[in-house]
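Undergrad:
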Amino acid sequence: MAVLVIGSGGREHALAQALSHDPGVSAVHCAPGNPGTAQVARNHPVDASDPGAVAALARELGVDLVVVGPEAPLVAGVADAVRAAGIACFGPSAAAARLEGSKAFAKEVMEAAGVPTAAARYCTTPAEVAAALDEFGSPYVVKDDGLAAGKGVIVTDDREAALAHAAACGRPVVVEEFLDGPEVSLFAICDGSTALPMQPAQDFKRVGDGDAGPNTGGMGAYTPLPWAPPGLVDEVMDSVVAPTLAEMARRGTPFVGLLYAGLALTSRGVRVVEFNVRFGDPETQPLLAVLASPLGRVLHAAATGTLTDVGRLAWRDESAVVVVMAASGYPGTPKKGGRIRGPRLAGSDDNVHIIHAGTALDDGELVADGGRVLGVVGTAGSLAGAREAAYAAIAQLDFPDGFCRHDIARKAAEEIS
Ligand code: AMP
Ligand code: GLY
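Residue numbering for the sequence shown follows our numbering, starting at 683 and increasing by one per position.
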């Protein structure tokens, strides 16, 4: 089977790498890819968000499966164009991608499906925003209704800042009740009617140690979660994933692809914070590092409505941690062009591999070319060992313009040691 991965970030490098390890996958292509995907796949300079161009490339390459990484191409209809060309695609239609593309649509589906989530108000005027802020009280949660690369949400005690964020969005916003409690990312691989859960992961959204500073796309992640309540996955499959799939099918827009349930484990029970319609970045990096099942076979089964043939996913009995190296300035304006050197950039060894997220080659030299630049993945028999491996590799990196969080997975590793 030949596979084409769409996108150019860390998630896509991790997907391409895992696909290249599947003995059933004969060729991996990536569009547009990055210098990391070039180590495990063939890159093609095609605009990921151009449905016609992606479908034409898939046909020209004769691939058997297209895996769409980011949300923007999905919302733009890339999966529809690929399927219309007669090629299997792992990724939802534009209609189903609205679960991520519009917070208001996601809330509407959750309500219709009886999925537990935060109470919310859809606001189109400053007066509506102010009224909703006062209804729910502090801490205030205001979300841009549309796609905002993980940066459309503000959670603050400052009413003025909440109002200013709503105004800055420049379009409708969702104001909602604050959800307390730890967050978990649970990914379900869906074929339109059935779903297979991956194991839970946790990501670190704030830019600074101790969860200080603004939200980012994600500064690190780990899996599995030693502290997760037993039965969590079954509960979420029953109360969130299955009803959502049924509701999407009922609407005539079945969900094929990765349903990402961002959950808060509140004192009143599990609540959905958000849906995404694609693999999480960076959670995918540690998840795929410990996935034992052949990724290509699983994603092809989902794309062709035959997931029930796969059975359960198998996992290695190991922990994995990714620590993201970001460029200074992120999540504001990241500094581009900073030089990156280090002994492990060209590949992986037993317990560490480096994933490229925002890198480029400048005259043959690796440089920063985005906010999140690298993801350093450590795996080991224990979470503490996986952290140590990742941070030891980071200590060997020579990336003067880069920074990372120092506390990724620390609390969880300490609690079990
Ligand atoms: P979203 O884009 O909806 O995922 O939100 C990004 C992040 O903002 C989430 O991962 C949470 O950390 C935080 N957040 C979003 N909604 C809420 C909420 N209702 N209560 C508390 N935190 C939230
Ligand atoms: N890690 C958060 C996201 O992928 O949206």
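For every residue, glycine included, the Cβ atom is placed at its ideal position computed from N, Cα and C.
(1) Would you kindly work out how many angstroms separate the C-alpha atoms of residue 781 and residue 718, rounded to a whole number?
(2) Can you pull the DSSP bridge partners for residue 709?
(3) What is the rounded straight-line gap between the Cα of residue 960 and the Cα of residue 939?
(4) Could you have a look at residue 1100 and say whether DSSP puts it in helix, strand or coil?
(5) So for residue 1086, helix, strand or coil by DSSP?
(6) Would you kindly work out how many angstroms separate the C-alpha atoms of residue 875 and residue 786, rounded to a whole number?
(7) Could you tell me if residue 700 is buried or exposed, where buried requires 16 or more neighbouring beta carbons within 10 angstroms of its beta carbon?
(8) Give the range of the alpha helix (DSSP H) segment to which residue 818 is assigned.
(9) Are the segment 983–1003 and the segment 711–728 in contact at 8 Å, needing three or more beta carbon pairs?
(10) List the DSSP bridge partners of residue 802.
(11) At what residues does the alpha helix (DSSP H) containing residue 941 begin and finish?
(12) Do residue 1050 and residue 1018 come within 8 Å of each other at the CB atom, strictly closer than that value?
(13) Given this structure, state the Cα-to-Cα distance separating residue 913 from residue 728, to the nearest angstrom.
(14) For the putative contact between residue 964 and residue 885, defined by C-beta atoms under 8 Å, what is the C-beta separation to the nearest angstrom?
(15) Name the DSSP beta bridge partners of residue 1049, please?
(16) Consult DSSP for residue 884 and reduce its assignment to one of helix, strand or coil.
TA: The answer reads as follows:
(1) 30 Å
(2) 684
(3) 7 Å
(4) The structure shown does not extend to residue 1100, since the chain is modelled only from 683 through 1099, so no value can be given for it.
(5) coil
(6) 23 Å
(7) buried
(8) 808–818
(9) no
(10) 858
(11) Run containing residue 941: none in the alpha helix (DSSP H); it sits in the beta strand (DSSP E), 938–948.
(12) yes
(13) 43 Å
(14) 6 Å
(15) 1021 and 1042
(16) strand
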